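Protein sequence lines correspond, in order, to chains A and B. Residues in the first sequence are numbered consecutively from 257, following the working numbering. Residues in the second sequence are numbered consecutively from 11, following the working numbering.
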Amino acid sequence: AQSVTQPDIHITVSEGASLELRCNYSYGATPYLFWYVQSPGQGLQLLLKYFSGDTLVQGIKGFEAEFKRSQSSFNLRKPSVHWSDAAEYFCAVGGADYKLSFGAGTTVTVRA
Amino acid sequence: NAGVTQTPKFRVLKTGQSMTLLCAQDMNHEYMYWYRQDPGMGLRLIHYSVGEGTTAKGEVPDGYNVSRLKKQNFLLGLESAAPSQTSVYFCASSLGRASDEQFFGPGTRLTVL
């Protein structure tokens, strides 16, 4: 069965500082990996996804993620966070059965 | 193009009452999904559909039923609501390839007293 672990429940970062959110997955074959963001009271919006090719993936809002098969990881990064990046972030893994499994989420707080 | 819409946005039920949540998408997507979101647990798949007239169970299907009579609509029913079903419910849709993005609705906040 596929699963996702997001080790950090809550991260606080200063505006302008860099951000890295960790994601570890378990899946028997080549995974499809996604990062979604959820602003308070909103639905989820896709930031980026990986399913093949270059292991460094660029997404929207200045985010990027790197797929490392040897570490079963897909960590999300942003070089310089803005106050509007305060949100909850979800990593998800999917496969050929079209179903996604989500991690528990990481809440990001941005301080001025 | 409204994307994925959900009605209602909020609902309060008493234990034992029934209700139906409606999800509609205008993107001609084949696949539709119902999730529930609970604090510290992320999103968990309740039921999903791979096309009009088809439904399948997800990770946490007990206490819920679904129907997909029209391609654009996916209904989630609670026949006899329980306090454990207090949650935020999200509907999503996708084109149908495993690598495709799922598009999410704004959610329905349900409280069962």
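By construction, the Cβ of each residue, glycine as well, lies at the ideal position given by its N, Cα and C atoms. All figures in this text were calculated on a predicted structure; none of them were measured in a lab.
- Contacts with chain A at 8 Å (Cβ-Cβ) do not include E62 (chain B).
- CA-to-CA, the gap between G297 (chain A) and A12 (chain B) works out to about 18 Å.
- From the beta-carbon of Q35 (chain B), no residue of chain A is found nearer than 9 Å; the closest lies around 12 Å away.
- L356 (chain A) is bridged by DSSP to A:G350.
- In the DSSP annotation of this structure, W339 (chain A) is not part of any beta strand (DSSP E), being labelled neither H nor E.
- Any Cβ of chain A closer than 8 Å to the Cβ of P71 (chain B) would place that residue at the interface, and such an atom is absent.
- Using a 10 angstroms sphere on the CB of S270 (chain A), the tally of other CB atoms stays under 16, which defines it as exposed.
- Secondary structure note for K324 (chain A): its beta strand (DSSP E) is the uninterrupted segment 320 to 324.
- Y281 (chain A) sits close to V260 (chain A), with the two beta carbons spaced by under 8 Å.
- Residues A348, G350 of the same chain have their beta carbon placed closer than 6 Å to that of L356 (chain A), with the five preceding and five following residues left out of the count.
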